[in-house]
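In this text, residue positions in the sequence shown follow our numbering: the first is 2, and each later residue adds one.
From the three backbone atoms N, C-alpha and C, an ideal C-beta is built for every residue, glycine too.
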Amino acid sequence: MRAMVMEKIGAPLRMMERPDPMPGEDELLVRVEACAVCRTDLHVLDGDLSDPKLPLIPGHEIVGIVEAVGKKVSPKIIGRRVGVPWLGHSCGECPFCLTGQENLCDAPLFTGYTRDGGFATHTVADADFAFDLDEEADPVALAPLMCAGLIGWRSLKQAGDAKRIGLYGFGAAAHIICQVCRWQGREVYAFSRPGDDTAQRFALSLGAKWAGNSDQPPPVLLDAAIIFAPVGALVPAALKAVRKGGRVVCGGIHMSDIPPMPYRLLWEERSIMSVANLTRQDAREFFPIAREAMVTTHTSVYPLAQANVAIADLRAGRVSGAAVLKP
Numbered sequence: 002m003r004a005m006v007m008e009k010i011g012a013p014l015r016m017m018e019r020p021d022p023m024p025g026e027d028e029l030l031v032r033v034e035a036c037a038v039c040r041t042d043l044h045v046l047d048g049d050l051s052d053p054k055l056p057l058i059p060g061h062e063i064v065g066i067v068e069a070v071g072k073k074v075s076p077k078i079i080g081r082r083v084g085v086p087w088l089g090h091s092c093g094e095c096p097f098c099l100t101g102q103e104n105l106c107d108a109p110l111f112t113g114y115t116r117d118g119g120f121a122t123h124t125v126a127d128a129d130f131a132f133d134l135d136e137e138a139d140p141v142a143l144a145p146l147m148c149a150g151l152i153g154w155r156s157l158k159q160a161g162d163a164k165r166i167g168l169y170g171f172g173a174a175a176h177i178i179c180q181v182c183r184w185q186g187r188e189v190y191a192f193s194r195p196g197d198d199t200a201q202r203f204a205l206s207l208g209a210k211w212a213g214n215s216d217q218p219p220p221v222l223l224d225a226a227i228i229f230a231p232v233g234a235l236v237p238a239a240l241k242a243v244r245k246g247g248r249v250v251c252g253g254i255h256m257s258d259i260p261p262m263p264y265r266l267l268w269e270e271r272s273i274m275s276v277a278n279l280t281r282q283d284a285r286e287f288f289p290i291a292r293e294a295m296v297t298t299h300t301s302v303y304p305l306a307q308a309n310v311a312i313a314d315l316r317a318g319r320v321s322g323a324a325v326l327k328p
């Protein structure tokens with residue numbers, strides 16, 4: 002197989018030829034059709050997330066076809082299209098797994114971080130953590146749903162029944178969840194980095210009621226806000242933008258330090274919470290909703306060999322929607 006490999010933190014990925022991986026007894030061998038590039042991949046490459054497996058094949062928004070299975074997996078799944086997400090395995094035995102919080106598992110494996118991922122022509126996945134997908138759908142369009150969609154959905158659930166919701170950082174996750182919010186009848190207020198008129202126009206085209214700079218106040222107080230951008234300074238900005246009793250949800254896996262702020266921003270029962278990883282229940286809930294809401298992912302497609310270009314474009318904010326690698 003061919004794979005784009007991370008050999009050390011901070012270095013560009015290198016194309017390598019490797020033997021096709023062999024699935025373990027509970028695993029699938031998947032021929033990758035598409036793999037989206039996530040901001041979490043940047044955090045892995047930059048060392049913001051500690052102790053990645055090295056050498057590593059990044060990528061955790063994988064869509065592909067099952068080509069072989071381990072001895073404990075039914076061969077009936079061979080030929081099926083599946084999705085492989087960030088959470089690649091949980092222990093099933095710790096207190097979190099036993100109480101429906103496998104996203105907080107004490108001994109997890111993460112695709113494209115602590116196990117090889119989808120920036121390749123083939124990958125291996127735990128059969129219990131591979132989602133059955135529509136065989137008629139476009140794999141490129143499906144790929145961003147595997148993380149941007151799922152983390153966006155989990156973040157939206159944590160925001161509660163907010164009618165007016167702010168989305169800070171209008172990238173892959175926000176452009177999906179904006180569509181879900183509009184389908185649910187919510188008002189979306191989109192915030193982008195100052196001067197990013199392209200992102201603001203994009204948000205308005207997807208039904209946002211208002212779009213502006215992240216250093217601007219919205220025209221009305223919000224019921225809740227979700228922060229997808231990895232910028233700690235947005236936390237006090239979002240607290241200023243939400244009403245009494247409002248909630249700010251931090252939807253990223255990594256964020257720069259939150260600056261000192263006056264207690265009055267948190268007072269009046271405002272709250273801040275984070276979202277960590279995902280659960281398989283999130284997928285069972287979200288994929289039918291994405292279909293019913295007719296969510297359309299906006300993608301920029303890159304050949305596998307141009308993974309470094311896709312990463313650079315994502316880092317520089319040159320991607321509207323999601324970047325997707327296609328082997």
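Bounding residues of the beta strand (DSSP E) (the contiguous stretch that carries residue i)
i    : result
R316 : Segment 308–316 is the alpha helix (DSSP H) holding R316; no beta strand (DSSP E) there.
L120 : Note that residue 120 corresponds to Phe in the displayed sequence, not to Leu. Segment: none, F120 is in no beta strand (DSSP E) and carries neither H nor E.
F192 : 188–193
A212 : 211–214
V325 : 323–327
M100 : In the sequence as presented, Met is not what sits at residue 100; that position holds Thr. Segment: none, T100 is in no beta strand (DSSP E) and carries neither H nor E.
V6   : 3–6
R15  : 15–18
R319 : That residue, R319, is in no beta strand (DSSP E); it is neither H nor E in DSSP.
I166 : 165–169
Extent of the continuous alpha helix (DSSP H) run through residue i
i    : result
W154 : 149–159
P241 : In the sequence as presented, Pro is not what sits at residue 241; that position holds Lys. Taken as a continuous stretch (DSSP letters only), the alpha helix (DSSP H) holding K241 covers 235–242.
V141 : 140–143
L205 : 198–206
Q180 : 173–185
Exposure label - residue i; buried when at least 16 CB within 10 Å
i    : result
G113 : buried
T297 : exposed
L99  : exposed
M295 : exposed
Y264 : exposed
S257 : exposed
P109 : buried
M5   : buried
A138 : exposed
V310 : exposed
D42  : buried
Q201 : buried
R319 : exposed
V85  : buried
T300 : buried
T280 : buried
H176 : buried
D117 : buried
G252 : buried
W87  : buried
Q330 : In the structure as shown, the chain starts at 2 and stops at 328, and residue 330 therefore has no counterpart that could be examined.
V276 : buried
V70  : buried
R165 : buried
W154 : buried
A12  : exposed
C-beta contact flag for residue i and residue j at 9 Å
i    : j    : result
M16  : A306 : yes
M274 : Q159 : yes
M262 : P289 : no
S171 : A191 : Going by the sequence as given, residue 171 is Phe instead of Ser. In contact: F171 and A191 (Cβ atoms closer than 9 Å).
G119 : H61  : yes
D135 : V74  : no
V67  : T124 : no
G65  : V38  : no
R271 : V302 : no
R187 : A163 : yes
D224 : G247 : yes
A35  : L315 : no
M7   : L55  : yes
G233 : I259 : yes
I228 : A239 : yes
D129 : H90  : yes
A173 : R40  : yes
A226 : L151 : no
A323 : F132 : no
Cutoff 9 Å: residue i Cβ touching any chain B Cβ
i    : result
T100 : Of the protein chains in the structure, only one exists, and it is not chain B.
Residues that DSSP places opposite residue i in a beta bridge
i    : result
F132 : G84
R248 : A225, S272
S301 : A324
V125 : L30
L110 : H90
Unbroken stretches of the alpha helix (DSSP H), 4 residues or longer, contained in the region 24–98 | 40–47
Run through the region 254–282 for me and flag every whole alpha helix (DSSP H) of 4 or more residues, listed as ranges in chain order.
-> none
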